[in-house]
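Peer 1: In terms of UniProt numbering, the numbers along the sequence shown are unbroken and rise by one, the last being 120.
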Amino acid sequence: MANKILIVDDAAFMRMMIKDILTKNGYEVVAEASDGAQAVEKYQELRPDLVTMDITMPEVDGISALKQIKQMDPNARVIMCSAMGQQAMVIDAIQAGAKDFIVKPFQADRVIEAIQKALS
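#1: Can Val90 and Ala39 be called in contact, C-beta distance under 8 Å?
#2: Spatial neighbours of Lys117 within its chain, please: CB distance less than 8 Å, with the 5 preceding and 5 following residues excluded, ordered by chain position.
#3: Based on Cα-Cα distance, which residue from Ile55, Glu59, Gln68 lies nearest to residue 124?
#4: Just the C-alpha distance for Met57 and Ala11, rounded to the nearest angstrom, thanks.
#5: Have a look at Ala2, Lys19, Ile18, Gln44 and flag the residue whose alpha-carbon is nearest the alpha-carbon of Asp73.
#6: Asp35 to Gln86, Cα distance in whole Å?
#7: According to the neighbour-count rule (16 or more other Cβ atoms, all chains shown, within 10 Å of its Cβ), is Pro105 buried or exposed?
#8: What did DSSP end up calling Ile112 once you bin it into helix, strand or coil?
#9: For a test of the three-state rule: what should DSSP assign to Ser64, helix, strand or coil?
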């Protein structure tokens, strides 16, 4: 059975890129969200196997959403997506319970490696 993944990013282009990488590698993208508030709602509703979460988003940022999801489900698997130069935020995210992080622009092999590691 394919692992179910929720993609969270405020940029539709980034969601499309990561969805493309995931579907080509046999993962099922069950939903997409464009901000942290939507991410928390969709997580609650769908309970995906893994979430890819952008750090910088309007309304609710990725780290706040990560903390809310981890409160709801301590076993949630979340991989943060960050642009270069967000090291401090990446450290915050890992401390808040993120399994890994991938840097934009996405490299397909790094995305798949992070997801396989988080799911194993």
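Every residue gets a Cβ at the ideal spot worked out from N, C-alpha and C, and that includes glycine.
Peer 2: Well, looking at it:
#1: no
#2: Lys99, Asp100
#3: Residue coverage of the chain in this structure runs from 1 to 120, which leaves residue 124 outside it and unanswerable.
#4: 9 Å
#5: Gln44
#6: 18 Å
#7: exposed
#8: Reduced to three states, the DSSP call for Ile112 is helix.
#9: helix
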